[in-house]
Structures are given as C-alpha cells and as structure tokens.
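First up is the structure itself, then whatever we jot down about it.
In my numbering, the protein residues as written are 44 to 90.
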C-alpha cells in the first residue's frame, strides 16, 4: 500500500519550486518595503 506524502515534503522535494520561492519572496518583500518607504517620504522642496 502506498503511503501518503505530506504536502510539506512534496514542497521540499521540488527544487525548481524552492528556487522560485527563494527568489520571488525576497523580491516581493523588498519591493513592497521600498514602495512603503517611498510613499512615506514627504515631497521634495525645490529651490
């Protein structure tokens, strides 16, 4: 009888998905962080 494979084990066994998540999560988080930082800045004072 075939044993059920845990979903987390399926995730860890897929190197392409791990590579994608390892690149996508930092890119998305730093992009959102940068946008929040930009939106929080006051407008520049022109001379």
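Note that the Cβ used here is the ideal one computed from N, Cα and C, for glycine as well.
Within its own chain, no residue has a Cβ closer than 6 Å to the Cβ of residue 74 once the five positions on either side in sequence are excluded. If you look at residue 69, you'll find it in the alpha helix (DSSP H) that goes 58–82. For residue 89, there is no enclosing alpha helix (DSSP H), since its DSSP letter is neither H nor E. Counting along the chain, the unbroken alpha helix (DSSP H) around residue 53 starts and ends at 50–55.
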